[in-house]
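J.: If you're matching positions, the sequence shown starts at 22 in our numbering and goes up one per residue.
No residue lacks a Cβ here, since even glycine has one placed at the ideal position from N, Cα and C.
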Amino acid sequence: MKREELKNLNVPEEAIDKIMALNGTDIEKAKSSVGDVEAIKQENESLKSQMKDRDKDLKDLQKQVKDNEDLSGQFSDLQEKYRNDTESYKNQLQQTKLNGALNTALSAAKVRNPKAAEALLDMDKIKLTDDGKLDGLDDQLASIKKSDGYLFDEGTHSSYGPKGGDGSDDTDEVQNLVDAFKQ
């Protein structure tokens with residue numbers, strides 16, 4: 022509102038001054054409000070920017086969590102694989118120790134063919150102790166010696182005993198024959 026417009030309306034000068042003063046304060050309030058509006062607009066833009074950054078960070082975090090879940094799954098799978106491999110290697114080592122101790126025991130028992138004798142053994146009943154001995158082998162070997170004695174080398178058994186070798190008869194057979202013909 023302008024002063025000239027008020028004069029054209031025949032408004033007294035005092036009233037025009039009061040109206041202009043009120044109008045001035047309203048304009049100043051509006052100007053300060055415009056500054057507030059600008060501050061609010063800037064704050065609004067700042068908050069929008071922060072929201073975009075937050076959404077981006079959440080998406081990145083979600084990808085990382087997914088990757089971490091994948092890595093955790095892979096880690097768990099590898100742990101299980103290594104646990105199984107370790108168990109398998111322990112079993113193989115135990116079986117190798119058992120086989121070595123069995124071969125040594127079969128050799129000590131003078132078995133001629135260890136593979137044939139091992140085929141006759143019930144391996145479920147033979148256990149390797151911590152001190153390296155085999156439990157359950159002696160009974161089975163004794164049973165195999167009775168049923169399949171040919172698998173064991175017991176040495177040669179003969180009932181050959183030369184005369185005079187045991188000290189009981191010192192006579193010479195050839196001399197006895199010569200003496201018999203002379204008569």
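Using 8 Å as the Cβ pair cut-off and three pairs as the minimum, do the region 149–159 and the region 132–141 touch?
T.: Contact between the region 149–159 and the region 132–141 is absent, because fewer than three Cβ pairs lie under 8 Å.
J.: So what's Asp160 in DSSP terms, helix, strand or just coil?
T.: helix
J.: Between which two residues does the alpha helix (DSSP H) harbouring Asp200 extend?
T.: From DSSP, the alpha helix (DSSP H) with Asp200 extends over Glu194 to Lys203.
J.: Using the three-state DSSP reduction, which class does Lys148 fall into: helix, strand or coil?
T.: strand
J.: Mind checking which residues open and close the alpha helix (DSSP H) that includes Ala130?
T.: Note, Ala130: premise wrong, no alpha helix (DSSP H); not H, not E.
J.: If the criterion is Cβ atoms closer than 7 Å, does the pair Asp174 and Arg133 meet it?
T.: The answer is yes: Cβ separation under 7 Å.
J.: In whole angstroms, give me the CA-to-CA distance for Asp38 and Glu49.
T.: Taking the Cα positions, Asp38 is about 16 Å away from Glu49.
J.: Would you check if the region 122–130 and the region 155–163 touch, i.e. whether three or more CB-CB distances between them fall below 8 Å?
T.: yes
J.: Which residues does DSSP pair with Leu155 in a beta bridge?
T.: Residue pairing for Leu155: DSSP places it in a beta bridge opposite Leu149.
J.: Between the C-alpha atoms of Gly94 and Ala60, what's the straight-line distance to the nearest angstrom?
T.: 50 Å
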